Structure formats: C-alpha cells, structure tokens
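Quick note on numbering: the sequence shown equals residues 2 to 387 in my numbering.
Even glycine gets a Cβ: it sits at the ideal position worked out from N, Cα and C.
Model, not experiment: these values are computed from the prediction.
Below is one structure, written out as structure tokens; comments come after it.
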Amino acid sequence: MTTQNAEKIISSAMTVGTPFYFYDMKLLRQTVAAARAAAANPMFRIHYAMKANVEVPVLEVMREAGFGIDTVSGGEISRAVDCGFNPARIVFAGVGKSDAEIDLAIEKGIGCFNVESIEELEVIAGRARALGKKARVALRVNPNIDAHTHHYITTGLAENKFGIALEMLDRAIDIATSSADIDFRGLHFHIGSQITTLRPFEILSERINDLQDRYESRGIRFATINVGGGLGIDYENPDTNPIPDFEGYFSTFSKCLRIREGQEVHFELGRSMVGQCASLITRVLYVKHGLEKQFAIADAGFTDLIRPALYDARHLIENLTSDATETVIYDVVGPICESSDVFEKDTTLPLTSRGDLLALRSAGAYGSVMAMQYNCRSLPRSVFSE
Ligand code: LLP
C-alpha cells in the first residue's frame, strides 16, 4: 500500500464511513496498459470479463483501452451498452440464458453468443428466426482439462456443467453450420480461474490445435477462437507483484496456438485486470479477548467480501493506522451471525485497537460484485483514488 493511498483511505474513512472498497485507478491504468502491450498481436482481441467488477469508472477504463466485453447476463449486457461499449464487441456466455436475455442480446446486435449446449443452440436459433435476425454464435467446448485451481472455480472438467462435451461437438457444429438463423463464428473455451502457472494454457492450446486440424480436414474453419480468461494474480505479494504476468500469458498463446490466417483470438480476462487495484477497507469495532484467541472484529463481513468464506481464499490484511512495533496473532472476523464470517485465522498484525483501519488487499475482482445484503446490511461503498 503506497503512503499516498493510505492517506487518502484514512481521510475517506472519516468522510464516507466504513466499510468501503478503495480503487487505485493509477494501478488499474498501468495494469490495463501492460495487458495491451503484451497482447500487441493484431489478431488478439481482449474482452474484459465484467463479472469480476462492474464499477462504472472501472468499465470506462476498459472501454477507453479499446477492449470488448464478456458478459454473463442480460443485466451485464445492458450495463455494458449503457456504459458505451459497442454491442458488436460484446460476447455473452452462461449455461442458463433465459429467452428474455437471448432476445435482448439479439436485439442489441451483440458480437457473439458463447453457447453452452445443443439445447441452448436450438433455442437461440428459434429466437433469432422469430426476431427476423441471424445470431452470431461460438460453441463453448468443455476440453476436459484440469486447471489445478479451487474446485469451485475450475470449469473445464468433464464433470462441470459448462460447455459442450467433445463427444457432442460434431453434432453441435452440424446444427450451427446448417441453420439459416445462425452465423457460426468458432469455438470458445474457459478452463477455470486463478490459474497461476502457464502449463494449463499450453495444454489448452494443444487441445485447440488438435480440434482445428480435425475440423479443417472436414472443411470447417473457425473465424474466431476464444480462449476464455483465468490468468491468476499474486494474492500473497500484492505490492511486489501488482501486475500479472501478461507477457508470459499472451506469449504462451502466440507460441503454442497455431493461429490460422485471418483468425481472431479472443481473451476474456477478469481477475488479472482488476484484482490488485482495490482493497476492502474496514474499521475494527472491537478487539475481543477470548480464552485462547484474540479476535479483531471488523465492521466488514462476508456480505462485503465473500471470497474467504466461500473459497477459503486468502486476502492479505494490513493495519493502516497502528504504528505499534509489537505484533499480536488475531483472528480477523466480521460481525455477521455465521461462524464462517472469518477473513483470516491466526494472522499476525501490529497491536490492533478499536478504531484501527484494516485493508484487505487484492479485492478488486469478485469483491464488490459478490456483495449482498444478508442481515439487512448495506452494500459497501466505493472510493476511487481519482
Ligand atoms: N470467461 C468465462 C466464460 C468465465 O466463466 C470467467 C470467470 C471468465 C471468463 C473470467 O475469468 P478470470 O479471468 O476472472 O479468471 N468468483 C470466483 C471466480 C469465478 C470465475 C467465474 N468465471 C472467485 O472469486 O475466485
């Protein structure tokens, strides 16, 4: 945490009240610039996965960078259009698209549906016909690759609900290429999130190469290949490693994926774009001395940041206001009436007192978007560095 950000946070806590998400917009711009530079290949297109964070200033940075946008609901499509994204640069994924969402997407003229089943493909074709339009479609393939990430955020295994199994792809492609209501664009993949080695992306590229060879020998070409998102961030060292390894990530695909002449490669990055740019700021309400433990009870809970409770995720915790040299081991917990409302057990902090401000770092992705109002709590506010 830079001194400048810490000062701004301390003064905002006074005026805005806690808890709130604090966004370092300079870091966000630097991250986006690094991603753009690493993806300089003219056939690469980045679609920001807005499920990670939908704050309007964040979306504006993505739009100004020239990114398209990856959506998973009608609500996200509407928000992206309201925010000025070109509908032709919107892609729409999800295993359960409702008829109303499909109609909205067709009427707005989105760039591509990422279709997750043969059943859905047939419904989209029917809705397009009813509306007198053609729907652009990519088929999401479940490549059965283990991304070695948390089981709640791995998506590319045969047992997951996502995508079309390889065994059923022939039939899906037949339907997509023969339907007068479908403009078949290509294939879509997404193997999971918070992937911290490049090996799964190499395996994915190899899998795609095999598929392309197989279908080309039958005369089928793909205008687009969408490799999804998934690049992880360093939750342990947000200050020493604030920008993910975009170079390594994009060059893996440049090296391993055999891109065809004129083919576009689409990327749907969420976490890696926004994860490090925000912290959840919370005030310590009580330091409770238990029989065996010291509890730092914060005014934020899992309603504000659910990742620790839901995925056992670790967010580095910093005390921004204590200048004590003595350290103490605390369980940092929230106020909600659930035993799972724990941000971290047995974490070492400088001696902490009532009124201190804590920062839960690396909370820009899947933080504010997953907040909820359980216990009639208010949603956390947002403060932007500029
Ligand atoms: N594309 C598709 C089809 C996706 O399902 C996802 C994320 C992404 C792109 C973006 O992936 P990213 O680049 O952010 O890894 N709430 C969980 C993460 C859920 C990810 C869902 N899908 C968490 O807090 O870890």
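- Relative to I91, the option among Y312, M63, V334 and Q374 whose CA is nearest is M63.
- Here P239 is buried, its C-beta having at least 16 other C-beta atoms within 10 Å.
- The alpha-carbon of R284 is positioned some 15 angstroms away from that of V384.
- With a cutoff of 6 angstroms, L270 counts as near the ligand LLP, since its C-beta is closer than that to a heavy atom of the ligand.
- Assignment of C257 by DSSP, reduced to helix, strand and coil, places it in the helix class.
- Pairing S99 with S179, the inter-Cα distance amounts to about 24 angstroms.
- A distance criterion of 6 angstroms places the beta-carbon of A94 in contact range of the ligand LLP, judged by its closest non-hydrogen atom.
- G233 sits close to I196, with the two beta carbons spaced by under 7 angstroms.
- The shortest CA-to-CA distance from A181 to any of A136, E217 and P201 is the one to A136.
- Between A106 and the set I119, R222 and L132, the nearest pair of CA atoms involves L132.
- Taking all protein chains in view, the Cβ of G231 is crowded by 16 or more other Cβ atoms within 10 Å, so the residue is classified as buried.
- The segment 210 to 282 contains, as complete alpha helix (DSSP H) runs of 4+ residues, the segments 247 to 257 and 272 to 275 (chain order).
- I91 carries a strand assignment under DSSP once its states are collapsed to helix, strand and coil.
- Nearest to E262 by alpha-carbon distance, out of T4, A35 and N42, is N42.
- DSSP, read as helix, strand or coil, puts D100 in helix.
- Non-local C-beta neighbours of G187 in its own chain, meaning closer than 6 angstroms and more than five positions away in sequence, comprise A139, F223, A224, T225 and I226, ordered along the chain.
- Separation of E207 and I221 (C-alpha to C-alpha, rounded to the nearest whole angstrom) is 18 angstroms.
- Residue range V57 to E65 is occupied by the alpha helix (DSSP H) that includes V59.
- In this structure the segment 363 to 378 does not lie against the segment 327 to 334, because fewer than three pairs of beta carbons, one per stretch, are closer than 8 angstroms.
- Under the 8 angstroms Cβ criterion, the segment 15 to 28 counts as touching the segment 45 to 63, having at least three qualifying pairs.
- Taking the Cβ of G76 as the reference point, every heavy atom of the ligand LLP lies at 6 angstroms or farther away.
- One alpha carbon belongs to K256, the other to S340, and they sit about 47 angstroms apart.
- Not one heavy atom of the ligand LLP sits closer than 6 angstroms to the Cβ of R37.
- In the three-state reduction of the DSSP assignment, T4 falls in the helix class.
- Per the DSSP secondary-structure output, V333 pairs in a beta bridge with A297 and E345.
- Going by DSSP, G69 is part of the beta strand (DSSP E) stretching over G69 to T72.
- When distances are taken from the beta-carbon of H267 to the heavy atoms of the ligand LLP, even the shortest one reaches 6 angstroms or more.
- Taken from the Cβ of H191, at least one heavy atom of the ligand LLP lies inside 6 angstroms.
- By the criterion of at least three beta-carbon pairs nearer than 8 angstroms, the segment 168 to 177 is not in contact with the segment 197 to 206.
- Separation of the CB atoms of P381 and L281 is rounded to 7 angstroms, and the pair is thereby assigned contact status at 8 angstroms.
- One Cα belongs to E269, the other to S363, and the distance between them is close to 19 angstroms.
- Closest in alpha carbon position to K109, among F86, N115 and E248, is F86.
- Annotated as distal: L311 and A360, with beta-carbon spacing of 7 angstroms or more.
- By the 16-neighbour rule on beta-carbons within 10 angstroms, L28 is buried.
- In the three-state scheme derived from DSSP, where H, G and I count as helix and E and B as strand, E327 is classed as coil.
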